[in-house]
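Asks: Let me give you the structure first, and then I'll get to my questions.
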Amino acid sequence: MTRSVLADPMRSALACWVAMIACGAPGFAGAAAPAAPPAGPGDFVVRDATVYTESPAGVLQHTDVWAHGGSIAGIGHALAVPAGAEVIDAHGRPLTPGLFGGLSDVGIDEVSEEPDTLDSMQNAKAPAWDQQWRPEFDVTAAYNPRSVFVPVTRIEGVTWTVLAPSSGDAIIGGQGAAVTLDGRFGAVLDGSASLFVQLGHDGAKRAGGTRAAESMLLDQAISEARGHTPPGPGSLLHAAGRDTLARYLGGGRVLFQVERAADILRAVDFARRNGMHPVIVGGDEAWVVAHELAAAGVPVILNPLDDLPEDFDRLAATLDNAARLHQAGVRIAFTSGDTQYARIIRQLAGNAVAHGLPWDVALAAITSTPADIFGVGTIRGRIATGRSADVVLWSGDPLEVTTLADRVWIDGRAIELRSRQTELRDRYLGRLKSR
Amino acid sequence: MANEPFPSTYRAPASPPVAIIGATVLTGTGARLDDADVLIVGGRIAAVGRGLDAPPGARVIDAKGRWVTPGLIDIHSHLGVYPSPAMQGLSDGNEATNPVTANVWAEHSVWPEDPGFETALEGGVTTLQILPGSANLIGGRSVVLKNVAAVTYQAMKFPDAPYGLKMACGENPKRVYGEKNQAPSTRMGNVAGYRQAFADAQDYARQWDKYRGELADYEKKKAKHGDGSHAGGKGNDSGGKAEGISSVPPVPPKRDLKLETLAEVLNGHIRVHMHCYRSDEMATMLDVADEFGFKIVAFHHAVEAYKIADRLAEHGVCAAMWADWWGFKMESFDGIQENLPIVDFPEHSCAIVHSDSENGIQRLNQEAAKAMAHGARVGLNVAPERAIRWLTANPAKSLGLEDRIGTLAPGKGADVVIWNRNPFSVYALADLVFIDGAPVFDRAHPAARPRSDFLLGMPGAEATQ
Numbered sequence: 028m029t030r031s032v033l034a035d036p037m038r039s040a041l042a043c044w045v046a047m048i049a050c051g052a053p054g055f056a057g058a059a060a061p062a063a064p065p066a067g068p069g070d071f072v073v074r075d076a077t078v079y080t081e082s083p084a085g086v087l088q089h090t091d092v093w094a095h096g097g098s099i100a101g102i103g104h105a106l107a108v109p110a111g112a113e114v115i116d117a118h119g120r121p122l123t124p125g126l127f128g129g130l131s132d133v134g135i136d137e138v139s140e141e142p143d144t145l146d147s148m149q150n151a152k153a154p155a156w157d158q159q160w161r162p163e164f165d166v167t168a169a170y171n172p173r174s175v176f177v178p179v180t181r182i183e184g185v186t187w188t189v190l191a192p193s194s195g196d197a198i199i200g201g202q203g204a205a206v207t208l209d210g211r212f213g214a215v216l217d218g219s220a221s222l223f224v225q226l227g228h229d230g231a232k233r234a235g236g237t238r239a240a241e242s243m244l245l246d247q248a249i250s251e252a253r254g255h256t257p258p259g260p261g262s263l264l265h266a267a268g269r270d271t272l273a274r275y276l277g278g279g280r281v282l283f284q285v286e287r288a289a290d291i292l293r294a295v296d297f298a299r300r301n302g303m304h305p306v307i308v309g310g311d312e313a314w315v316v317a318h319e320l321a322a323a324g325v326p327v328i329l330n331p332l333d334d335l336p337e338d339f340d341r342l343a344a345t346l347d348n349a350a351r352l353h354q355a356g357v358r359i360a361f362t363s364g365d366t367q368y369a370r371i372i373r374q375l376a377g378n379a380v381a382h383g384l385p386w387d388v389a390l391a392a393i394t395s396t397p398a399d400i401f402g403v404g405t406i407r408g409r410i411a412t413g414r415s416a417d418v419v420l421w422s423g424d425p426l427e428v429t430t431l432a433d434r435v436w437i438d439g440r441a442i443e444l445r446s447r448q449t450e451l452r453d454r455y456l457g458r459l460k461s462r
Numbered sequence: 440m441a442n443e444p445f446p447s448t449y450r451a452p453a454s455p456p457v458a459i460i461g462a463t464v465l466t467g468t469g470a471r472l473d474d475a476d477v478l479i480v481g482g483r484i485a486a487v488g489r490g491l492d493a494p495p496g497a498r499v500i501d502a503k504g505r506w507v508t509p510g511l512i513d514i515h516s517h518l519g520v521y522p523s524p525a526m527q528g529l530s531d532g533n534e535a536t537n538p539v540t541a542n543v544w545a546e547h548s549v550w551p552e553d554p555g556f557e558t559a560l561e562g563g564v565t566t567l568q569i570l571p572g573s574a575n576l577i578g579g580r581s582v583v584l585k586n587v588a589a590v591t592y593q594a595m596k597f598p599d600a601p602y603g604l605k606m607a608c609g610e611n612p613k614r615v616y617g618e619k620n621q622a623p624s625t626r627m628g629n630v631a632g633y634r635q636a637f638a639d640a641q642d643y644a645r646q647w648d649k650y651r652g653e654l655a656d657y658e659k660k661k662a663k664h665g666d667g668s669h670a671g672g673k674g675n676d677s678g679g680k681a682e683g684i685s686s687v688p689p690v691p692p693k694r695d696l697k698l699e700t701l702a703e704v705l706n707g708h709i710r711v712h713m714h715c716y717r718s719d720e721m722a723t724m725l726d727v728a729d730e731f732g733f734k735i736v737a738f739h740h741a742v743e744a745y746k747i748a749d750r751l752a753e754h755g756v757c758a759a760m761w762a763d764w765w766g767f768k769m770e771s772f773d774g775i776q777e778n779l780p781i782v783d784f785p786e787h788s789c790a791i792v793h794s795d796s797e798n799g800i801q802r803l804n805q806e807a808a809k810a811m812a813h814g815a816r817v818g819l820n821v822a823p824e825r826a827i828r829w830l831t832a833n834p835a836k837s838l839g840l841e842d843r844i845g846t847l848a849p850g851k852g853a854d855v856v857i858w859n860r861n862p863f864s865v866y867a868l869a870d871l872v873f874i875d876g877a878p879v880f881d882r883a884h885p886a887a888r889p890r891s892d893f894l895l896g897m898p899g900a901e902a903t904q
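Taken in sequence, the protein lines are chains A and B. For the first sequence, the numbering used here assigns the number 28 to the initial residue and increments by one for each residue that follows. For the second sequence, the numbering used here assigns the number 440 to the initial residue and increments by one for each residue that follows.
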C-alpha cells in the first residue's frame, strides 16, 4: 500500500463539499427523489436523525441519511428507500461521524504488563547516541485486526484510531498511521502516515540526561538524512532510515510528543527549519504558547483531563487547556493516550465542554479535526455525500457519559455490538438473574 | 491497641448555619427529594426536607435547579504517598522491601502539599482513604483523611476513624518479589505468605493474652495482699512469697510493630481492604479470612466481582470498582462495564466506585454515570438516588464510618456537595463543597480555593487566575 506522507490540506475536503452541494447526489432531493438503485450489501437509511455533519451544512434536524456501497449516498428528507435497505428510525437521535480513538495501540498492544502481547515498541536497549535510529520502523506492520481490543473499542462508536509507536528508548519512535477498526486486514488509511518524535524530559533521558542533547542528536540525524554527513562509524541512521527521514523533510507530518511550553516551541522551530508539518501531542502546557501555535498553524492533540503537575514538564497543566487553545485559534483533537481507554474519548470531549470549550468544537476534536490532521478528512470524520459511511447513532448527546452507541457502521458495514466483554457480561448476568 | 501515637489534630472550623434551598437532594440513604432543603447547623446535618425554615443567621443558598449530595468518599487513593509531581523524591507508596510490611503506616508517607488533594476536592471528594501500594502481600496501615488543606497530615486525619490494612492479591506481589528471586513468586506463594503472617500474629496475640492474664493475676494478688511491693512493706513481700506470688510483675513481650498491626486485625480493630482483581482469588481470601477469624471489609479493583456478586453480598463484603478499567494486566482482562450494576444487584450488596488515580478521583460521579448507562442497557436500572450510594454511603460503610458520614441524615457530619446539575453527567461540576459544615470549595471564588504550597509561584499559577 502506498501512503503519502504529505500532511492533508483542507483544500480537498472543501472541494468535495463544493461538489456535493453544487451537484447534489442521487436520493438527496427529498420526497421527489428519483427511484434509487437496488440496495447493495450494507445499504441502510437512518430516518429522522439529528445529523452532526461536521461540515458547512452544520447540524441537520429530522434528516435522513442513506448509505450505499459503503459510502454516504444521500442526505435529505424523506429519502426514497432502496429495496432491501435496512431502515432505522432514529426518532431524532444524534448521528455523528465515527469517532477518532486518539493515539492508541489498539490491535498492536494487548495486555500492557505482558510483554509477549506488545508490539508497539522497538527497544534498542542503548543510549540514544549509541543507537541505530530507526525512523523506518512502522508500527502499523504489527496491526492485528482480530485483536479483542478492536471490537471492545468500536462498539463504543470509535471507528478509527491512529496507531502510534511507543517511543521506548528512542527519540524518533518510528512511524504510525490511522487505521479503520472494522476488522479488515489492510486497515491502514491512505495518506495518514506520520513520524513520531519524543522530546522533553522523556527524550532527554534517552539523550544522556539533557534535553539539549535531543536537539543535538536530532540535528545530526537530519544532517545524515540530507546526505550532509556521510554514513560511517557513529552514524545514527541506516540507508532506510535516511530515506524515511528525508521523505518527512519534504512536508511530512511529524508528531512531537512534548509537554513543556519551551519544548513545544522548540519542536515547532525544529519542524519549520526542516520542512516538516508539526503536530504537538500531549501539550499540557500548550495553552501558554497558544498564540504562537495559532500563528504557525500547528494543531495540538491533547488529553483535556490532564490538570496536574505530573512532572516538571507540565507544571502549568490545567483543565482550561483545550478552551484556551481553541480561543487562540489552535486546532485541537483529543487523545486519552491509552489503548484500553481509546473508548473513553467522548468523556474527554465532554469534560472539555464543561471547562469552557464550545460543544461543536469538542465534537470536531474527536471527528473532523483529527481526520484533517491525519489526512483522511476527505473520506472520514464528516457525514457528507461521497464520504465513507462511517457513522454512529447515539442514544443521546454523544459527549454525555450516560449516552451509548446504539448503532455503529464502518464503511457502511453494520458493526455487531458484541465483544468479549459483552459475552462475559451476558454469561454472568444470565447466571445472576436465574438464581 | 496502645494509645494513639499520631493523634488527629483536625478540628472542624466554626461556621455559621447553612440553608440550601430548593435543590434536588440525593440523601445517600436511597431517597431523592425534589425541591428540597438541607439545613446545616453546628457542622452537622440538621434537617432535610421541603419547606424548612432557615435557622437564624444562616447563609441561605438558592439551589434551584442544582443537586445536593453527601460529600464523595474515595476509599482507594494514593494521594500524598504517590503525589504529583511524580518525582522519585516524593514516591513513598510502596515499602517494597519485604512482602509483609504490616508495620508501616501510610500516613507517614503522606505529603499534604500534593496538588491532587485540591483537584479531588473540586470533584466533590471530602473523605479519602490513603493506602500503601500493592507491591506487598500486606502493605501496611491506611489512613482516612478529610480533604482539607493542611500543613500536616494529622490536621487532615479523620478523628477516631478505624485504621485499615492494605493487602494485595495476585500479580503485583508475586511479580515484585519474584523478580527479586524471593517468595512469593506465585499465587500459592502469596497465600502461604498471608497465612504465615496471620499465624505469627495469632501466636503474638496469644503471648500478649498470656502476659495480660499474668499481669491481671499479679495485680489482683498484689491488691489482695495489701499495699504491695510499692509500699515497701517487708511483711507483705514475704507474705506474697509464701503464697507463690512473684514480687516482680510479669515481663511484657517485646512489641513487634508488624505483628501488633496484624493482631489488631484479628481482634477486629483494623479493617482489611484487599486489592484483588480475580473472583477466584477473592473466594480464596474469604476462606483465609475465615481460617484466621478476621473480616475483609472490601475487595478493591474487584474487576471480576460480577462473577461472584451473590457471594460477596452474602458475606457482606464490599467491592470497590472502576467503571471501565481493564486489560492492562491479565488479572484485569475480564473487566466489563456492567461490573458495578451487577455487583449492586443482589440484596445486601455493597458496590463502591473507587479511583486509585489522581485523575479518576476528580470524576467519581462520571465513573458511576458510565456504569449506570451500561447497566440500564441490560435492564439493570440504577436510579441516581441509589447510584449515589456507590460514592457515599457504601464507602462510608467499608470504612466503618457509616454513623458519621456518607448520608445526609440528621446528625451526620455535614460533608455536602452542591452540583450545578444532576451529578451523573459529564457536564456536572461541583459548585460548592462543605466539610463538617464549613465551605471548603466554591467554584465562584477561585481565589479562595485551597492552593498547594508546591504550586505557589510556579509557572502554571496564571492558569487559575
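We put the beta carbon where it would ideally sit given N, CA and C, even for glycine. Computed from a predicted model, the values in this text were never measured in an experiment.
In three-state terms, what does DSSP make of Lys-734/B?
Replies: Here Lys-734/B sits in coil by DSSP.
Asks: In terms of residues, what are the limits of the beta strand (DSSP E) holding Asp-476/B?
Replies: Unbroken beta strand (DSSP E) run through Asp-476/B: 471–480.
Asks: Give me the Cα-Cα distance between Ser-573/B and Arg-614/B, rounded to the nearest whole angstrom.
Replies: Rounded to whole angstroms, Ser-573/B to Arg-614/B spans 11 Å at the Cα level.
Asks: Measure the beta-carbon distance from Gly-555/B to Leu-584/B and round it to whole angstroms, keeping in mind my assumption that it falls under 8 Å.
Replies: With 8 Å as the limit, Gly-555/B and Leu-584/B do not qualify as a contact, their Cβ atoms being about 12 Å apart.
Asks: To the nearest angstrom, how far is it from the Cα of Ala-56/A to the Cα of Val-92/A?
Replies: Low local confidence applies: a pLDDT of 34 at Ala-56/A is under 50, so the model's placement there is unreliable, and no value is given.
Asks: How about Gly-609/B: is its C-beta nearer than 8 Å to some C-beta of chain A?
Replies: Judged by the 8 Å Cβ criterion, Gly-609/B is not in contact with chain A.
Asks: For the candidate residues Val-872/B, Gly-528/B, Val-543/B and Ala-853/B, whose alpha-carbon lies nearest to that of Leu-478/B?
Replies: Checked all of Val-872/B, Gly-528/B, Val-543/B and Ala-853/B; the closest Cα to Leu-478/B is Ala-853/B.
Asks: Can you give the Cα-Cα distance for Pro-538/B and Arg-341/A, rounded to whole angstroms?
Replies: Answer to the nearest angstrom: the Cα atoms are 34 Å apart.
Asks: Taking 8 Å as the threshold (C-beta atoms), are Cys-757/B and Lys-836/B in contact?
Replies: Yes; because the gap between Cβ atoms is below 8 Å, this pair is in contact.
Asks: Using a Cβ-Cβ cutoff of less than 7 Å, which residues in the same chain neighbour Leu-41/A once the five nearest sequence positions on both sides are dropped?
Replies: With a pLDDT of 32 at Leu-41/A, under the threshold of 50, the predicted position of this residue should be treated as unreliable, and no value is reported.
Asks: Using a Cβ cut-off of 8 Å (strictly closer), state whether Trp-761/B contacts chain A.
Replies: Judged by the 8 Å Cβ criterion, Trp-761/B is not in contact with chain A.
Asks: Could you tell me how far apart the beta carbons of Ile-135/A and Val-166/A are, in whole angstroms, since I believe they sit closer than 8 Å?
Replies: About 6 Å separates the two Cβ atoms, so the contact holds.
Asks: Chain A partners of Glu-777/B, CB-CB under 8 Å?
Replies: Here the neighbours are Arg-452 and Leu-456.
Asks: Could you work out which residue in Arg-300/A, Ile-328/A, Arg-238/A and Ala-169/A is closest to Val-215/A when comparing CA atoms only?
Replies: With distances taken between Cα atoms, Val-215/A lies closest to Ala-169/A.
Asks: Shortest alpha-carbon distance to Gly-488/B belongs to which of Gly-609/B, Ile-791/B, Ser-796/B and Ala-848/B?
Replies: Minimum Cα distance to Gly-488/B is reached at Ala-848/B.
Asks: Return yes when the Cβ of Val-206/A is within less than 8 Å of the Cβ of Leu-222/A, no when it is not.
Replies: Result no, Cβ atoms of Leu-222/A and Val-206/A do not sit closer than 8 Å.
Asks: CA-CA distance, Thr-80/A and Arg-409/A?
Replies: Each residue's alpha carbon lies about 5 Å from the other.
Asks: Check each residue of the segment 137–149 of chain A: if its Cβ is closer than 9 Å to any Cβ of chain B, include it; give the result in chain order.
Replies: Those residues of the segment 137–149 of chain A that come within reach of chain B (Cβ to Cβ, closer than 9 Å) are Glu-137, Val-138, Ser-139, Glu-140 and Glu-141.
Asks: Establish whether the CB of Ala-60/A and some CB of chain B are separated by less than 8 Å.
Replies: Only weak support exists for where Ala-60/A lies, its pLDDT of 42 falling under 50; the value from the coordinates is given anyway. No - not a single Cβ of chain B is within 8 Å of the one on Ala-60/A.
Asks: Quick check on Pro-385/A: buried or exposed, where buried means 16 or more other Cβ atoms within 10 Å of its Cβ?
Replies: Exposed: under 16 other Cβ atoms inside 10 Å.
Asks: Apply the 10 Å Cβ neighbour rule to Thr-540/B and answer buried if 16 or more other Cβ atoms are within range, or exposed otherwise.
Replies: Thr-540/B is buried by the Cβ-count criterion.
Asks: Does the beta-carbon distance from Gly-579/B to Lys-605/B come in below 8 Å?
Replies: Cβ atoms of Gly-579/B and Lys-605/B: closer than 8 Å.
Asks: State the beta-bridge partners of Arg-498/B as determined by DSSP.
Replies: Val-457/B.
Asks: When the Cα atoms are used, what is the spatial distance from Tyr-449/B to Ala-759/B?
Replies: Distance between the alpha carbons of Tyr-449/B and Ala-759/B: 27 Å.
Asks: Count the CB pairs spanning the segment 546–565 of chain B and the segment 870–885 of chain B that are closer than 8 Å, and state whether there are at least three.
Replies: As far as the Cβ criterion goes, the segment 546–565 of chain B touches the segment 870–885 of chain B, which means the pair count is three or higher.
Asks: Can you name, in chain order, every residue of its own chain whose Cβ lies under 6 Å from the Cβ of Leu-145/A, other than the five neighbours on each side?
Replies: Once the five neighbours on either side are set aside, the close Cβ partners of Leu-145/A are Asp-136.
Asks: Output the boundary residues of the beta strand (DSSP E) element that contains His-265/A.
Replies: No beta strand (DSSP E) contains His-265/A, which DSSP labels as neither H nor E.
Asks: Is Lys-693/B buried or exposed, if buried means 16 or more other CB atoms sit within 10 Å of its CB?
Replies: Answer is exposed; the Cβ neighbour count stays below 16.
Asks: State buried or exposed for Lys-596/B, treating a residue as buried only when at least 16 other CB atoms are found within 10 Å of its CB.
Replies: Lys-596/B should be labelled buried.
Asks: How far does the alpha helix (DSSP H) with Asp-340/A in it extend, from its first residue to its last?
Replies: Looking at the DSSP string, Asp-340/A is not in any alpha helix (DSSP H), and its letter there is neither H nor E.
Asks: Short of 7 Å in beta carbon distance, which residues of its chain neighbour Pro-172/A, apart from the five on each side in sequence? Order them along the chain.
Replies: If we look at Pro-172/A and ignore the five residues flanking it on each side, its Cβ neighbours are Gly-134, Gly-210, Arg-211, Phe-212 and Ala-214.
Asks: Which residue spans inside the segment 761–805 of chain B form an unbroken alpha helix (DSSP H) run of at least 4?
Replies: Within the segment 761–805 of chain B, the complete alpha helix (DSSP H) runs of at least 4 residues are 778–783.
Asks: Could you tell me which of Asp-116/A, Ile-115/A, Ser-98/A and Pro-121/A sits nearest to Gln-88/A, measuring between CA atoms?
Replies: The shortest C-alpha separation from Gln-88/A is found at Pro-121/A.
Asks: Can you confirm whether the segment 370–386 of chain A touches the segment 397–412 of chain A when touching is taken to mean that 3 or more C-beta pairs between the two stretches lie within less than 8 Å?
Replies: Output reads no: the segment 370–386 of chain A does not touch the segment 397–412 of chain A.
Asks: For Ala-808/B, collect the residues of the same chain with a Cβ closer than 7 Å to its Cβ; drop the 5 residues on either side in sequence, then sort them by chain order.
Replies: Excluding residues within five positions, the ones whose Cβ falls inside 7 Å are Phe-863 and Ser-864.
Asks: If I measure Cβ to Cβ from Val-388/A and keep anything under 6 Å in the same chain, skipping five residues before and after, which residues do I get?
Replies: Result list for Val-388/A: His-353, in chain order.
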